[in-house]
Amino acid sequence: MQEIGVDVLSVSVDSVFVHKIWNDNELSKMVNKDVPFPMLSDQNGSIGKMYGVYDEESGVETRGRFIIDPDGILQGFEVLTPPVGRNVEETIRQIKAFQHVRGSEGTEVTPAGWKPNKKTLKPGTELVGNVWKEWGVNEAFED
Amino acid sequence: MPTEFNPGCERPAKKEKSPSIDIEVQNNEEKKEEQVMLKVGKPVPEFTAPAYYQGKFMNVDLSEYKGKWLLLCFYPGDFTFV
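So the protein sequences, as listed, match chains U and V. When we follow full-length UniProt numbering, the leftmost residue of the first sequence carries the number 1, and every step to the right adds one. When we follow full-length UniProt numbering, the leftmost residue of the second sequence carries the number 1, and every step to the right adds one.
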């Protein structure tokens, strides 16, 4: 994430003390260094409630992931129930796409399955009804 | 910048900046809390929360991340398996 200029914050209902011990005893052994982003504590779930990820029944937060742009605007989110982990590559792909669109100042959009160096589309009167000439469905599945 | 704090036995202070709006409900003296709606394309709710980061306890304010791309990730709990 640092490579693509993105800061990360993690949030759970655990205390900052538990975050420290988890970092020290387990996570730092996975990555051979301290966790490289702040681990936030949301012990009463109030932040999770604002973001719609706090589960009252179990008292924990579900796997919500929010992409926020430099203006503080929410560009995308994904929420999973606890047993299934995220696909970080897809998150990175989405961030790169949002960065590309922002970099183009809204002149380009990224079709389904877009990845860096793949074709973007330039919306305009010429393109209306003509996307089929510019882009094929198979491109969504190509690298 | 995040401000470091020395932890005590009380839970560190945390506050939401734009969490909820108190609205008067008609024909009802009670106030009802209405959550701010989270929508793509709209500003996210702001907050400040205590955090652990590289050996220190500190308060993190979401507004400090204006001007940067940010990924905010929630998860069920420390020491769980996934």
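From the three backbone atoms N, C-alpha and C, an ideal C-beta is built for every residue, glycine too. None of these values were measured; they are calculated from a predicted model.
Look at the alpha carbon of residue i and the alpha carbon of residue j, and state the distance between them as a whole number of angstroms.
{"i": "residue 112 of chain U", "j": "residue 140 of chain U", "result": "5 Å"}
{"i": "residue 136 of chain U", "j": "residue 109 of chain U", "result": "15 Å"}
{"i": "residue 93 of chain U", "j": "residue 1 of chain U", "result": "11 Å"}
{"i": "residue 45 of chain U", "j": "residue 50 of chain V", "result": "13 Å"}
{"i": "residue 61 of chain V", "j": "residue 38 of chain U", "result": "11 Å"}
{"i": "residue 65 of chain V", "j": "residue 70 of chain U", "result": "7 Å"}
{"i": "residue 84 of chain U", "j": "residue 125 of chain U", "result": "43 Å"}
{"i": "residue 8 of chain V", "j": "residue 16 of chain U", "result": "11 Å"}
{"i": "residue 3 of chain V", "j": "residue 59 of chain V", "result": "5 Å"}
{"i": "residue 48 of chain V", "j": "residue 63 of chain V", "result": "8 Å"}
{"i": "residue 105 of chain U", "j": "residue 31 of chain U", "result": "37 Å"}
{"i": "residue 76 of chain U", "j": "residue 90 of chain U", "result": "12 Å"}
{"i": "residue 29 of chain V", "j": "residue 117 of chain U", "result": "In this predicted model, residue 29 of chain V has a pLDDT of only 43, less than 50, meaning its place in the structure is not dependable; the value taken from the coordinates is given anyway. Near 59 Å, if we compare the C-alpha coordinates of residue 117 of chain U and residue 29 of chain V."}
{"i": "residue 42 of chain U", "j": "residue 86 of chain U", "result": "21 Å"}
{"i": "residue 42 of chain V", "j": "residue 72 of chain U", "result": "8 Å"}
{"i": "residue 36 of chain U", "j": "residue 132 of chain U", "result": "44 Å"}
Using the beta-carbon count (16 or more within 10 Å), is residue i buried or exposed?
{"i": "residue 81 of chain V", "result": "exposed"}
{"i": "residue 81 of chain U", "result": "exposed"}
{"i": "residue 22 of chain U", "result": "buried"}
{"i": "residue 95 of chain U", "result": "buried"}
{"i": "residue 122 of chain U", "result": "exposed"}
{"i": "residue 76 of chain V", "result": "buried"}
{"i": "residue 49 of chain U", "result": "buried"}
{"i": "residue 46 of chain V", "result": "buried"}
{"i": "residue 60 of chain U", "result": "buried"}
{"i": "residue 33 of chain V", "result": "Because residue 33 of chain V carries a pLDDT of 49, less than 50, the predicted location of this residue cannot be relied on, and no value is offered for it."}
Can you give me the Cβ contacts of residue i inside the same chain, cut-off strictly under 6 Å, excluding the 5 residues immediately before and after it?
{"i": "residue 114 of chain U", "result": "97"}
{"i": "residue 24 of chain U", "result": "none"}
Using C-beta distances below 7 Å, list every residue in its chain close to residue i, excluding the 5 sequence neighbours before and after it, in chain order.
{"i": "residue 62 of chain U", "result": "53, 55, 79, 80, 81 and 82"}
{"i": "residue 58 of chain U", "result": "none"}
{"i": "residue 130 of chain U", "result": "none"}
{"i": "residue 153 of chain U", "result": "Chain U is shown from 1 up to 143; residue 153 of chain U falls before or after that span and cannot be answered."}
{"i": "residue 88 of chain U", "result": "none"}
Can the beta-carbon of residue i be found closer than 8 Å to that of residue j?
{"i": "residue 7 of chain U", "j": "residue 56 of chain V", "result": "no"}
{"i": "residue 142 of chain U", "j": "residue 79 of chain V", "result": "no"}
{"i": "residue 44 of chain V", "j": "residue 68 of chain U", "result": "yes"}
{"i": "residue 29 of chain U", "j": "residue 52 of chain V", "result": "no"}
Assuming residue i contacts residue j (C-beta within less than 8 Å), just tell me the rounded distance between them.
{"i": "residue 40 of chain U", "j": "residue 9 of chain U", "result": "6 Å"}
{"i": "residue 11 of chain U", "j": "residue 47 of chain U", "result": "6 Å"}
{"i": "residue 102 of chain U", "j": "residue 73 of chain V", "result": "Wrong, their Cβ atoms sit about 21 Å apart, outside the cutoff."}
{"i": "residue 34 of chain U", "j": "residue 54 of chain V", "result": "5 Å"}
{"i": "residue 51 of chain U", "j": "residue 71 of chain V", "result": "Not really, about 13 Å apart at Cβ, beyond 8 Å."}
Cβ of residue i within 7 Å of any heavy atom in the ligand SAM?
{"i": "residue 89 of chain U", "result": "Looking at this structure, you won't find the ligand SAM or any other ligand, since it has none at all."}
Which same chain residues, not among the five before or five after residue i, have their C-beta less than 8 Å away from its C-beta?
{"i": "residue 134 of chain U", "result": "119, 121 and 127"}
{"i": "residue 4 of chain U", "result": "92, 95, 96 and 99"}
{"i": "residue 6 of chain V", "result": "57"}
So which residues on chain A does residue i lean against when the C-beta distance must stay under 7 Å?
{"i": "residue 67 of chain V", "result": "You won't find chain A in this structure, because its protein chains are U and V."}
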